Ligand code: SF4
């Protein structure tokens with residue numbers, strides 16, 4: 012597996028203290044991406060499935076507070092075969108697993124079957140707008156969202172709020188989400204930041220991405236109106 016970064020964090024990418032692997036490569040090209048160095052599939056360290064599983068097992072004492080292992084990216088599902096192998100072996104070893112994904116992979120349901128905690132980004136309800144800005148539409152993302160809602164599994168949806176892109180239409184998001192059974196779904200808003208800006212080698216094209224407190228509040232209120240559960244991590 013190609014890994015471009017790894018490290019521990021607490022409660023940010025799943026419950027408890029977690030070892031988080033950033034897998035190289037992404038099928039989207041979000042202009043605000045905070046890990047642009049992970050967009051290319053070519054970079055990073057090459058590790059075998061066995062090496063990763065052994066490393067995870069050696070870190071067991073660090074996975075406290077109900078913690079475990081999280082795979083993110085880039086987009087972790089681009090390396091789907093290896094990812095499936097690692098997840099299966101970690102589950103067999105009784106280690107808690109999570110992934111954070113942009114949700115556009117056709118085989119995501121297969122991967123999610125081996126994941127205890129699923130975090131899926133949902134950047135826009137309008138497919139053409141999403142395609143225009145990130146290069147990928149939301150047809151598969153919607154299919155995956157609807158599949159997970161039907162299956163009743165736990166699902167944590169993250170919505171990056173970007174001024175000028177998606178931050179002015181909370182009703183568009185909420186009305187779509189509420190069309191499914193969201194009993195086991197929670198939603199989180201991630202206001203735009205520029206932590207990754209200095210890492211961009213290509214020109215950084217977002218000029219006015221910061222959202223106001225009123226824009227965030229409008230999302231919170233609208234989601235509450237639609238009876239959608241929101242969280243902050
Ligand atoms: S989907 Fe995530 S990792 Fe991929 S380009 Fe967008 S923000 Fe970056």
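In this note's numbering, the protein residues as written are 12 to 244.
In this text, a Cβ means the ideal position worked out from N, Cα and C, and glycines have one as well.
As the structure is a prediction and not an experimental result, all values here were calculated from the model.
request  = For residue 79, name the three-state secondary structure that DSSP assigns.
outcome  = Here residue 79 corresponds to residue number 68 of the chain shown, with the count starting at 1. The answer is strand: DSSP assigns residue 79 an E or B state.
query = In angstroms, rounded to a whole number, what distance separates the CA positions of residue 239 and residue 177?
reply = Your numbering for residue 239 matches position 228 in the chain shown. Your numbering for residue 177 matches position 166 in the chain shown. C-alpha separation (whole angstroms): 18 Å.
message = Just list the residues that DSSP pairs residue 16 with in beta bridges.
response = In the chain shown, counting from the first residue as 1, residue 16 sits at position 5. BP columns for residue 16 point to 33.
ask   = Considering only the beta carbon of each residue, do residue 85 and residue 15 sit closer than 8 Å?
value = Here residue 85 refers to the residue found at position 74 of the chain shown. Here residue 15 refers to the residue found at position 4 of the chain shown. Cβ distance < 8 Å, so residue 85 and residue 15 count as in contact.
key: The beta strand (DSSP E) enclosing residue 199, as first and last residue numbers   = Taking the first residue of the chain shown as 1, we reach residue 199 at position 188. Counting along the chain, the beta strand (DSSP E) containing residue 199 begins and ends at 196-202.
query = Going by beta carbon distance, what residues of the same chain come within less than 7 Å of residue 87, once the five residues before and after it are set aside?
reply = In the chain shown, residue 87 corresponds to position 76, counting from 1. Cβ within range, chain order: 34, 94, 110, 112.
ask   = Is there contact between the segment 207-218 and the segment 149-167, where contact requires at least three CB pairs shorter than 8 Å?
value = no
ask   = With respect to the alpha helix (DSSP H) encompassing residue 142, which residues constitute its N-terminal and C-terminal limits?
value = On the chain shown, position 131 is the one that residue 142 refers to. 138-145 is the extent of the alpha helix (DSSP H) around residue 142.
message = Taking 6 Å as the limit between beta carbons, can you name the residues of its chain near residue 98, skipping five residues before and five after?
response = Translated into the one-based positions of the chain shown, residue 98 becomes position 87. Excluding sequence neighbours, residue 98 sits near 108, 125.
key: Start-to-end residues for the alpha helix (DSSP H) that takes in residue 153   = On the chain shown, position 142 is the one that residue 153 refers to. Per DSSP, residue 153 belongs to the alpha helix (DSSP H) from 150-162.
message = Here's a check: name, in chain order, each residue in its chain whose Cβ is nearer than 8 Å to the Cβ of residue 192, leaving out the five neighbours to either side.
response = Residue 192 sits at position 181 when you count from the first residue of the chain shown. 160, 161, 163.
ask   = Alpha carbon to alpha carbon, how far is residue 104 from residue 201?
value = Along the chain shown, one-based indexing puts residue 104 at 93. Along the chain shown, one-based indexing puts residue 201 at 190. Between residue 104 and residue 201, the C-alpha separation is close to 33 Å.
query = For residue 171, which residues does DSSP report across the bridge?
reply = Within the chain shown, residue 171 is the residue found at index 160, counting from 1. DSSP output for residue 171 lists 201 as bridge partner(s).
inquiry  = Let me confirm a value: residue 79 is counted as buried when at least 16 other C-beta atoms fall within 10 Å, else exposed. Which label applies?
reply    = Residue mapping note: residue 79 aligns to position 68 of the chain shown, counting from 1. By the neighbour-count rule (16 or more Cβ atoms within 10 Å), residue 79 is buried.
ask   = Hey, how far is the Cα of residue 226 from the Cα of residue 235?
value = Here residue 226 refers to the residue found at position 215 of the chain shown. Here residue 235 refers to the residue found at position 224 of the chain shown. Each residue's Cα considered, the two are about 14 Å apart.
ask   = So residue 82 packs on residue 28, CB below 8 Å; how close in whole Å?
value = On the chain shown, residue 82 is found 71 positions in, with the first residue counted as 1. On the chain shown, residue 28 is found 17 positions in, with the first residue counted as 1. No, residue 82 and residue 28 are not in contact; Cβ-Cβ is about 16 Å, not under 8 Å.
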